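Each residue of the sequence shown is one higher than the last, beginning at 1 in full-length UniProt numbering. Here's the structure, in structure tokens; my notes come after.
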Amino acid sequence: MKFFFPDSQDQIDPAFDFITEEKKAFRIRQRDDLYAHEALEEPPFDGLLVSKAIVDGTMSGTGKYTVAQRHRLYREGAEQFFRLSGQSRDLQIMGDCGAFNYVSEEYPPYTPDEVIDFYQETGLHIGISVDHVIFGFKPVTPADEPKLPEWSRRQEITLELAAEFWKLCRLRKVDFTPMGVAQGWDPDSYAHSVAVLQKIGFKRIALGGMVPLKTADILLSLRRIADERAAETQLHLLGISRCEQVLEFGRYGVTSFDSTSAFRQAFKDDKDNYYTPGRNYVAVRIPQVDGSPRLRKEISAGRIEQELAFEHEQTCLRLVRSFADGGAGVDEVVDALCAYEKLYDPKKDHRAAYHETLTDRPWEKCPCAICKRIGVEVILFRGSERNKSRGFHNLYVFSKKLDRELVAGSTA
């Protein structure tokens, strides 16, 4: 079972000063900042997923890459761009179109030829065919479902483009392994897509559009797909990370998946911000006065004094660091955090969660390179450097948990 981490140009600055909140004067991001596989002692994944929409953008939006980054990726190739050589394990690079980025468009913005050019020119190892996401799932679809014509149209587009993609890959003798995409809206339609893709010639098939699905619905679909899947066909789950179910997924032919969940929960989730092997913790929120839109709005409106907000912010930082060094007590710190919280988010009350996080001191027990290097700063929900560092820590914990699940399954 292989875990691929989708790239969105997320890096951290190893020289960032957490006390002054400053970066080095002559820092160059692409040269000096670190990817997760560089910031940690070993890569927390088996490969990267690079999306054409993230690199090149679409008709309706720009990508995440600057012009300079994009040119460098095409010039150097993905392996050199991401600095993958010399890692403790061989990391593969998978490519897709980033269909979620153009889901509202009538038709995918890329041709199979353009996508093949992207995979070839950037030197990817696995290339996924052009697809069009279907939003909607029912265990059994009634014949009068009003969305069925649109769902069927998107599936037909996806399968037609897959057939063209496969034909061109053979004609052009590509250097990457082609992977088809199965889109569906119920177990039967997913099974139909897999059957068609196998008939075209694909031995590796990605299952798309499953991100919103409950685990039970994913398993329902996999069981139905098993009726059509050839023994040699390998399945990939796009955007799915259900660590507890990896062994069951594997029994139905799933050999890989990709997800950003562990990383993004560090700064997108209300509760599960900091992973540990046994449970997850709430990160301690100390927003920057200058960086909080809500605080800036309240200060501009004259409802909060800027000086008072700065005073609360600095008091919280000082006390948290003092607590980490064995000085301030947990109640004193939590009181200060909650007093600041009443200013920037009066409807929230994290008192119990903060008390638990600080009392347990999980950052001191973690052996990952992030926690050893920045200590208590990793638990602070504050600014990009801390939040992305915590995201990298989460990838480390997720990777170790996945390894344990797989080892346990192999010895059961």
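We put the beta carbon where it would ideally sit given N, CA and C, even for glycine. Because the structure is a prediction, the values reported are computed rather than measured.
Best match in the options for proximity to residue i [C-alpha to C-alpha]
{"i": "Y252", "options": "A266, L219 and R242", "result": "L219"}
{"i": "R373", "options": "V282, P6 and D17", "result": "D17"}
{"i": "R223", "options": "D188, K138 and I19", "result": "D188"}
{"i": "R242", "options": "Q11, L402 and I54", "result": "L402"}
{"i": "E21", "options": "V397, V407, E377 and E405", "result": "E377"}
{"i": "L319", "options": "Y281, A309 and V333", "result": "V333"}
{"i": "Q198", "options": "M179, L213, T215 and V211", "result": "M179"}
{"i": "residue 450", "options": "G61, M1 and V50", "result": "Given a span of 1 to 412 for the chain in the structure shown, any question on residue 450 remains unanswerable."}
{"i": "K347", "options": "A78, V55, R294 and F3", "result": "R294"}
{"i": "H355", "options": "F26, V330 and I225", "result": "V330"}
Euclidean distance between Cα positions of residue i and residue j
{"i": "T141", "j": "W185", "result": "8 angstroms"}
{"i": "R170", "j": "Q245", "result": "35 angstroms"}
{"i": "I128", "j": "R279", "result": "35 angstroms"}
{"i": "G201", "j": "R264", "result": "36 angstroms"}
{"i": "Q155", "j": "G209", "result": "11 angstroms"}
{"i": "A230", "j": "A68", "result": "44 angstroms"}
{"i": "P14", "j": "F81", "result": "18 angstroms"}
{"i": "H393", "j": "R72", "result": "28 angstroms"}
{"i": "A336", "j": "T315", "result": "7 angstroms"}
{"i": "A143", "j": "G136", "result": "15 angstroms"}
{"i": "F5", "j": "D258", "result": "6 angstroms"}
{"i": "E105", "j": "C97", "result": "14 angstroms"}
{"i": "residue 480", "j": "H350", "result": "Here the chain comprises residues numbered 1 to 412, so residue 480 is not present and cannot be evaluated."}
{"i": "P108", "j": "D131", "result": "7 angstroms"}
{"i": "T359", "j": "I116", "result": "53 angstroms"}
{"i": "G47", "j": "A352", "result": "38 angstroms"}
{"i": "D217", "j": "E150", "result": "21 angstroms"}
{"i": "G57", "j": "D7", "result": "14 angstroms"}
Cβ neighbour criterion (16 or more within 10 Å) applied to residue i
{"i": "I28", "result": "exposed"}
{"i": "I205", "result": "buried"}
{"i": "R303", "result": "exposed"}
{"i": "A339", "result": "exposed"}
{"i": "E228", "result": "buried"}
{"i": "A53", "result": "buried"}
{"i": "T122", "result": "buried"}
{"i": "I12", "result": "buried"}
{"i": "Q183", "result": "buried"}
Fully enclosed by the stretch 29-55, which beta strand (DSSP E) runs are 3 residues long or longer?
-> For the stretch 29-55, whole beta strand (DSSP E) runs of length 3 or above, ordered along the chain, are 47-51.
For the 8 angstroms Cβ check, are there 3 or more pairs between the stretch 162-182 and the stretch 106-125?
-> yes
At 3 residues or longer, and completely inside the stretch 199-270: list those beta strand (DSSP E) runs for me, N to C.
-> Qualifying beta strand (DSSP E) stretches, in chain order: 204-207, 234-237 and 254-258.
May I ask you to verify whether the stretch 376-389 touches the stretch 327-345, counting CB pairs closer than 8 angstroms and requiring at least 3?
-> no
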